[in-house]
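Right, one structure below, let's go through it.
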Amino acid sequence: MAEYLETTVDKFIFRVARDRLYNADGIWAVWVESQGDGLVRVGLTDYVQQHSGDVAFAHIKPLGTKLALAEEFAEIETIKATVSFHAPVAGEIVAINSDLDLSPEIINQDPYEKGWLALIRATNWKADRARLLDPQGYFSLMRSQAEEELKKL
Amino acid sequence: MSRTATYHTTVRWTGEHWGHLAMGNGPEMRFAPPPDAQGYENVFTPEDAFVAAANTCVMLMFIWAAKRFKLNLLGYECRTEGTKLIELDRTEIFTRLQFRPVIRVAAGDEPPAVVEARVRRALASAQKYSLVANSVKSEIVVEPEIVVEVN
Numbered sequence: 008m009a010e011y012l013e014t015t016v017d018k019f020i021f022r023v024a025r026d027r028l029y030n031a032d033g034i035w036a037v038w039v040e041s042q043g044d045g046l047v048r049v050g051l052t053d054y055v056q057q058h059s060g061d062v063a064f065a066h067i068k069p070l071g072t073k074l075a076l077a078e079e080f081a082e083i084e085t086i087k088a089t090v091s092f093h094a095p096v097a098g099e100i101v102a103i104n105s106d107l108d109l110s111p112e113i114i115n116q117d118p119y120e121k122g123w124l125a126l127i128r129a130t131n132w133k134a135d136r137a138r139l140l141d142p143q144g145y146f147s148l149m150r151s152q153a154e155e156e157l158k159k160l
Numbered sequence: 030m031s032r033t034a035t036y037h038t039t040v041r042w043t044g045e046h047w048g049h050l051a052m053g054n055g056p057e058m059r060f061a062p063p064p065d066a067q068g069y070e071n072v073f074t075p076e077d078a079f080v081a082a083a084n085t086c087v088m089l090m091f092i093w094a095a096k097r098f099k100l101n102l103l104g105y106e107c108r109t110e111g112t113k114l115i116e117l118d119r120t121e122i123f124t125r126l127q128f129r130p131v132i133r134v135a136a137g138d139e140p141p142a143v144v145e146a147r148v149r150r151a152l153a154s155a156q157k158y159s160l161v162a163n164s165v166k167s168e169i170v171v172e173p174e175i176v177v178e179v180n
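Residue numbers (my numbering), protein chains in the order written: chain A, 8 to 160; chain B, 30 to 180.
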């Protein structure tokens, strides 16, 4: 079970899991040692799922798709918006969370665990991970993004 | 970019228990209390306005949600009931708003159970994102009847 950094902005509580890395889009990436070589599970952060709204559909690029770093790999349709997300690592999509077909709301309910999006066989994990933010780095970025949004209200 | 908006109405007393209401969006009408509060029948009342505000807002939000959830909506009708409680100190409050929407959708190529589950999610989102439903402190209960039509 992941532990979290937690902050409150306005009346909203946002959590950042301590056991993974992040890109600036709010995609998390976690190395999955138990599932073979070079596998990285990816998903949306709590802040991104809350900010995007209730998820209606999640479209992940098909199995076998080869992704360059930062290439678009997923599109989430919510009640309010359609949002595209970019791969935090280069590699090949080797699994997609099939629960998202019938229950995409698990992205909202459990973004760091049951609501994962895809498993990517990373081709250059060492280099890619160096570009990602650690939990504290993403936590600070996310907090400033949320506060910026708040100023627009 | 501002993300707030304001809405206004103007009321004017016209004598006894009667008033005139001008809505910010155009319509004007007479209003009075309902019969159980020393009022009259067949006239717009604050109580009906409150229930109607929630009912209309949830419906419009559901229409939006149905589009976002890719539902082929065939019909929507909802009777909503507001329950008023008169408290010991004689103040009054709407404790509960009970929505009973009857929703008809076409299944298309999908299994009816899948479509019905999506209708329920769209309805939950409609309630969550409805400005008015989100603004009231009454308990909100939604008991939908969902009809998925298979061709």
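Glycine is no exception: its CB is placed at the ideal position from the N, C-alpha and C atoms.
DSSP on residue i, reduced to helix/strand/coil?
| i | result |
| --- | --- |
| N101(B) | strand |
| H154(A) | According to the sequence shown, residue 154(A) is Glu rather than His. E154(A): helix per DSSP, three-state reduction. |
| Q127(B) | strand |
| G144(A) | helix |
| A75(A) | coil |
| S159(B) | coil |
| L50(B) | strand |
| H58(A) | helix |
| W42(B) | strand |
| L152(B) | helix |
| I86(A) | coil |
| A102(A) | strand |
| A129(A) | strand |
How should residue i be labelled, buried or exposed, when 16 other C-beta atoms within 10 angstroms of its C-beta is the threshold for buried?
| i | result |
| --- | --- |
| A61(B) | buried |
| R32(B) | exposed |
| Y36(B) | exposed |
| R48(A) | buried |
| P3(B) | Past the edges of chain B, shown from 30 to 180, lies residue 3(B), and the structure says nothing about it. |
| L117(B) | exposed |
| R41(B) | exposed |
| I115(B) | exposed |
| V179(B) | exposed |
| H49(B) | exposed |
| P118(A) | buried |
| A162(B) | buried |
| Q19(A) | Checking the sequence shown, residue 19(A) turns out to be Phe, not Gln. Under this definition F19(A) is an exposed residue. |
| P142(A) | buried |
| M58(B) | exposed |
| Q116(A) | exposed |
| L51(A) | buried |
Against residue i, what residues of chain A qualify as contacts under a CB-to-CB distance less than 7 Å, listed in chain order?
| i | result |
| --- | --- |
| T35(B) | Near T35(B) there are no residues of chain A at all, since even the closest Cβ is about 14 Å away, more than 7 Å. |
| S154(B) | D61 and I86 |
In this structure, what does DSSP give as the bridge partners for residue i?
| i | result |
| --- | --- |
| C107(B) | P130(B) |
| W38(A) | V47(A) |
With hydrogens ignored, establish whether the beta-carbon of residue i is closer than 8 Å to any heavy atom of the ligand GTP.
| i | result |
| --- | --- |
| T35(B) | What this structure holds is no ligand at all, so the ligand GTP is not there to describe. |
At a CB-CB cut-off below 8 Å, which residues of chain B make contact with residue i?
| i | result |
| --- | --- |
| L109(A) | V143 and A146 |
Could you list which residues in chain B have their beta carbon closer than 7 Å to that of residue i, in chain order?
| i | result |
| --- | --- |
| E82(A) | Neighbours of E82(A) on chain B: none; closest Cβ ~13 Å, over 7 Å. |
| E155(A) | The contacting residues do not exist; E155(A) stays about 12 Å from chain B at best. |
| E112(A) | R150 |
Q. Does the stretch 151-159 of chain A come close enough to the stretch 112-131 of chain A to have 3 or more Cβ pairs within less than 8 Å?
A. no
Q. Counting Cβ pairs closer than 8 Å, one from the stretch 125-134 of chain A and one from the stretch 92-103 of chain A, do we hit at least three?
A. yes
Q. Would the stretch 92-102 of chain B and the stretch 144-152 of chain B be scored as touching if the rule is three or more Cβ pairs under 8 Å?
A. yes
Q.
Tell me whether the stretch 60-70 of chain A and the stretch 24-37 of chain A touch, counting them as touching only if at least three CB pairs, one residue from each stretch, are closer than 8 Å.
A. no
**Q.** Inter-stretch contact at 8 Å, needing at least 3 Cβ pairs: the stretch 76-87 of chain B / the stretch 95-114 of chain B
**A.** yes
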